[in-house]
Amino acid sequence: MPTTPEPTERTASFKDPLVLSQVAGDREEHLRRLEKLTGIHILLRGNQVTVRGEDHAVALGLGTIEGLYELVKNGIPIGVEDIPRAVQILSENEHASLSAVFLDALCIPSTKRHIAPKSLTQKRYIDAIRTHDIVFGIGPAGTGKTYLAMAMAVSTLLSRECKRIVLCRPAVEAGEKLGFLPGDMAEKVNPYLRPLYDALHDMMSFDKARHMIEKGVIEVAPLAFMRGRTLNDSFVILDEAQNTTPQQMKMFLTRLGYHSKAVVTGDVTQVDLPENNMSGLVHVSRILKDVKGLAFTAFTKEDVVRHPLVSRIIHAYEMEEARLAALAVDPD
Numbered sequence: 006m007p008t009t010p011e012p013t014e015r016t017a018s019f020k021d022p023l024v025l026s027q028v029a030g031d032r033e034e035h036l037r038r039l040e041k042l043t044g045i046h047i048l049l050r051g052n053q054v055t056v057r058g059e060d061h062a063v064a065l066g067l068g069t070i071e072g073l074y075e076l077v078k079n080g081i082p083i084g085v086e087d088i089p090r091a092v093q094i095l096s097e098n099e100h101a102s103l104s105a106v107f108l109d110a111l112c113i114p115s116t117k118r119h120i121a122p123k124s125l126t127q128k129r130y131i132d133a134i135r136t137h138d139i140v141f142g143i144g145p146a147g148t149g150k151t152y153l154a155m156a157m158a159v160s161t162l163l164s165r166e167c168k169r170i171v172l173c174r175p176a177v178e179a180g181e182k183l184g185f186l187p188g189d190m191a192e193k194v195n196p197y198l199r200p201l202y203d204a205l206h207d208m209m210s211f212d213k214a215r216h217m218i219e220k221g222v223i224e225v226a227p228l229a230f231m232r233g234r235t236l237n238d239s240f241v242i243l244d245e246a247q248n249t250t251p252q253q254m255k256m257f258l259t260r261l262g263y264h265s266k267a268v269v270t271g272d273v274t275q276v277d278l279p280e281n282n283m284s285g286l287v288h289v290s291r292i293l294k295d296v297k298g299l300a301f302t303a304f305t306k307e308d309v310v311r312h313p314l315v316s317r318i319i320h321a322y323e324m325e326e327a328r329l330a331a332l333a334v335d336p337d
């Protein structure tokens with residue numbers, strides 16, 4: 006009969022007990038969250054932390070505490086929502102530096118929060134945007150694809166690395182014909198562009214954003230308005246790209262001019278095109294995957310940074326889709 010291995014116990018000392026107390030959180034809520042995530046037991050005494058549990062879990066837990074300590078020491082506040090992100094990063098790569106990910110701050114005047122990647126995938130995504138002229142961010146909602154692209158665009162504009170930002174989305178008619186909606190063309194398409202406005206206003210004041218839009222420094226427009234244009238010295242974002250056709254995707258990608266970047270984001274599981282219409286994002290992922298100068302970043306439900314329920318909802322839908330696919334193959 007196999008015997009249960011003895012639990013491992015390790016103790017680490019930290020130089021600054023005040024920093025360590027911030028890592029622990031109010032009433033040690035951060036440590037309690039870490040215990041639930043890893044199955045370990047943590048004891049905090051002064052500037053020492055003792056961790057007890059299975060060997061691999063102890064290593065993960067202690068590594069997480071050490072990484073969070075470095076973050077707080079460098080002036081980065083952490084919240085209870087950062088604990089699972091830190092655990093995820095170190096679970097994926099035990100040698101990863103939390104500081105390298107969390108401290109990769111984007112220089113934008115955000116008044117709400119410190120904008121930095123929250124996962125290794127987000128870090129790779131930002132690095133890809135820095136080093137490539139065209140980047141595709143593909144994955145489920147809540148993974149930061151559009152938000153981080155917008156942050157990079159605003160940062161690039163404010164550092165004068167580009168002269169304007171162009172934001173666009175396909176205006177897919179989901180159940181309503183544009184012609185039947187009230188208002189002129191701008192009013193008809195505005196609801197489709199609302200998420201881009203929301204992300205923009207999260208990074209600069211409403212008045213500043215409106216002033217830049219009025220001057221043409223920031224342009225928000227439906228994808229159809231891109232036809233026939235050449236975009237030089239621009240940072241261009243195409244959001245909801247799963248709802249483009251292959252022809253629209255080709256049209257968009259060939260608009261890119263000199264000294265410009267383009268980021269294309271979308272979720273291939275959320276295509277709203279009419280049945281039997283191929284998604285331009287699915288198509289381009291296949292035909293451009295080996296083209297030099299482009300980068301593809303694949304996000305998963307593990308990268309979701311919204312409410313924890315979002316990740317579980319995505320998982321439930323994936324399980325249902327897998328069940329239906331199995332029934333289609335073998336109805337018995």
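Position in the sequence shown counted from 1, then plus 5, gives you my numbering.
The beta carbon of each residue, even a glycine, is placed where N, CA and C say it ideally should be.
Under the 10 Å beta carbon count, F257 is surrounded by 16 or more other beta carbons and is classified as buried. Straight-line measurement puts the Cα of D244 at about 36 Å from the Cα of V28. Annotation for F211: no beta strand (DSSP E) segment contains it, though the alpha helix (DSSP H) segment containing it runs 211–220. The region 119–136 makes no contact with the region 279–290; the number of CB pairs closer than 8 Å stays below 3. Under the three-pair Cβ rule at 8 Å, the region 264–273 counts as touching the region 133–153. Taking the C-beta atoms as reference points, R260 is found nearer than 8 Å to T235. For the pair V273 and G147, the CB atoms are not nearer than the 8 Å cut-off. Counting C-beta pairs with one atom in each stretch, the region 44–63 and the region 13–21 have three or more that are closer than 8 Å, which means they touch.
Around the C-beta of N282, fewer than 16 other C-beta atoms lie within 10 Å, and the residue is accordingly described as exposed. For G51, no beta strand (DSSP E) segment is defined, and its DSSP state is neither H nor E. The closest CA to that of L67, considering only V54, K78, N79, V77, is found on V54.
A146 sits in coil when the DSSP states are folded into three classes, being neither helix nor strand. In this structure L299 touches I139 by the C-beta definition: roughly 5 Å separates them, less than 8 Å.
Straight-line spacing of the CA atoms in D212 and R199 works out to 16 Å.
Distance between F141 and Y322, taken at the CA atoms: about 23 Å.
Beta-bridge partners assigned by DSSP to L243: C173, V269.
At the C-beta level, L49 and L36 come within 8 Å of one another. Straight through space, the alpha carbons of E307 and S102 are spaced by roughly 18 Å. Beta bridge pairing from DSSP links I223 with I170. Per DSSP, A300 is one residue of the beta strand (DSSP E) stretching across 299–303. L201 and V225 do touch by the CB rule: their CB atoms are close to 6 Å apart, below 8 Å. DSSP, reduced to helix, strand and coil, places A110 outside both helices and strands of the structure shown, so it counts as coil. In its chain, beyond the 5 residues on either side, Q247, S284 have a beta carbon closer than 6 Å to the beta carbon of V276. Counted as a single uninterrupted DSSP element, the beta strand (DSSP E) harbouring T13 occupies residues 13–18. At the C-beta level, V85 and T43 stay beyond 8 Å of one another.
Excluding five sequence positions before and after N52, the CB atoms of its chain that fall closer than 8 Å to its own CB belong to S18, F19, K20, D21, P22, L25, given in chain order.
Bounds of the alpha helix (DSSP H) holding F257 are 251–258.
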